[in-house]
Amino acid sequence: MPLLSEIQYSREATVAAVSAYFDFLASMYLDDEAILGPPNEGWPEMTPDRLRGLRKTDEVVMLLRHLPYLHGGEFDYCKNAIEMSTVMTEFRPDEDIGSVPSHVVGLISTKQDLWLLDTELGVVYWLDCPGWIKHHPTREPILDDPDDYAPEGETGWRCEPAWAIADFFELLKDQFRRLSSIPITPTLVLDLKGVKLRARYEGALPLVQAVYREHGWPDLARYRKDTCLEAVRRKLEERY
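Following this line, the structure appears as structure tokens:
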């Protein structure tokens, strides 16, 4: 397992990892138009002065300034997206996770998931990480014990699984490669082992997995997104 001493934060590498993740999702199911990329100088609206209310470091602001975002529609499976409206919002008032320093930013905050990216350590913490990922991760989490490095008030959430930033986004991709996360439409993804909307599609998910595999997934050289998604739609209409 990697150690924090072996990991370095890089804004450029973080932006590249997020961008590659979005590109991966677009290759599988997302509409290309759903991804908004910043201009070369970054999103002009995101400046330290305008985002002062977030109480975050200038580095966090600069990171948000250069990240791509998704727009349009209601994404039922929010962990697939780093939506601008989400990162611009403070944590839920009922979220009692302890102290979160100014150099840590929430990439997603929903009833199911909370990702915290540390711009000093170069890692992402996945709070309430699903058990099947926590206990059988496809990428190695960091080994360090939070009691050895975390300030008082932060050890609680820092005990959650954490990965180097690039590894974290590869971990997410792996869930799609293995079809543990299954796109049903361009805006809806279900967890095979989760509970969200599971009852509605009970019995259909293995059929949808088979459709993806029949269309070449996860071999991107063979996979044809539009044809596959249309086949998924027809399969679900036949059943429901």
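Position one of the sequence shown corresponds to residue 881 (this note's numbering), numbered consecutively onward.
Yeah, the Cβ is synthetic: ideal placement off N, Cα and C, and Gly gets one too.
Just so it is clear, the structure is predicted and the values come from calculations on it, not from any experiment.
Is the beta carbon of residue i sitting closer than 7 Å to the one on residue j?
| i | j | result |
| --- | --- | --- |
| lysine 1115 | leucine 1087 | yes |
| phenylalanine 904 | lysine 1105 | no |
| serine 979 | glutamate 1034 | yes |
| leucine 1001 | tryptophan 995 | no |
| tyrosine 889 | threonine 999 | yes |
| alanine 914 | leucine 884 | no |
| glutamine 1089 | leucine 1109 | no |
| leucine 931 | arginine 891 | no |
| proline 1098 | arginine 1057 | yes |
| arginine 945 | glycine 917 | no |
Sort out for me which residues DSSP pairs residue i with in a bridge.
| i | result |
| --- | --- |
| leucine 905 | None, per the DSSP bridge assignment. |
| valine 1091 | Beta-bridge pairing links valine 1091 to no other residue. |
| isoleucine 988 | Trp995 |
| tryptophan 1043 | Val1004 |
| isoleucine 1062 | Leu1070 |
| isoleucine 915 | Leu950 |
Assuming residue i contacts residue j under a Cβ cut-off of 8 Å, what Cβ separation, rounded to an integer in Å, is found between them?
| i | j | result |
| --- | --- | --- |
| valine 1004 | isoleucine 1045 | 6 Å |
| cysteine 1009 | glutamate 1040 | 6 Å |
| valine 985 | leucine 947 | Not confirmed; about 10 Å, so no contact. |
| proline 924 | glutamate 1020 | Not really, about 39 Å apart at Cβ, beyond 8 Å. |
| isoleucine 1013 | tryptophan 1043 | Contact flag wrong, Cβ pair sits at about 10 Å. |
| arginine 1113 | alanine 1084 | In fact, because the Cβ distance is near 12 Å, the residues do not count as touching under 8 Å. |
Taking 7 Å as the CB-CB cut-off, is residue i touching chain D?
| i | result |
| --- | --- |
| tyrosine 901 | Absent from the structure is chain D; it holds one protein chain and no more. |
Could you say if the stretch 1062–1069 and the stretch 908–928 meet the contact criterion of at least three C-beta pairs nearer than 8 Å? Yes: at least three Cβ pairs fall under 8 Å.
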